[in-house]
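> According to this note's numbering, the sequence shown is numbered sequentially starting from 119. Note that beta-carbon positions come from the ideal geometry of N, C-alpha and C, so glycine has one too.
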Amino acid sequence: MIDMKSLVILMTLMKYQQLSLYELPVKTNFSEKEVLRNLKELDDSLVSHQFPEILKGSGYFSLSP
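1. In three-state terms, what does DSSP make of serine 138?
2. Residues in the same chain with beta-carbon distance under 8 angstroms from leucine 137, minus the five sequence neighbours each way, listed in chain order, please.
3. Quick one: give me the first and last residue of the alpha helix (DSSP H) that leucine 154 is part of.
4. Quick one: what's serine 180 bridged to in DSSP?
5. Rounded to whole angstroms, what's the CA-CA distance from leucine 139 to leucine 164? Just pull it up for me.
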C-alpha cells in the first residue's frame with residue numbers, strides 16, 4: 119500500500135521527471151531519511167504491481183519513460 123508521503127514523492131517525480139537526493143527533500147518538505155525510506159517502499163510497491171522501478175543513478179532519481 120502506498121502512503122501519502124510516497125504518493126507525494128511519486129507525483130513530484132512525475133512533475134519534474136528527474137530530481138537529485140538534494141532536490142527531492144526540498145520539493146517535498148520531507149527529510150532526506152524520509153525520502154529514502156519512502157522511495158524504497160514506493161519502489162517495492164511499484165514492482166509488486168508490475169510497474170517499472172524508479173531509476174537511480176549518480177544521486178538522481180527518475181521514472182522510466
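Taking the structure as given:
1. strand
2. Thr130, Leu131, Lys145, Tyr178, Phe179 and Ser180
3. 150 to 166
4. Gln136 and Leu173
5. 20 angstroms
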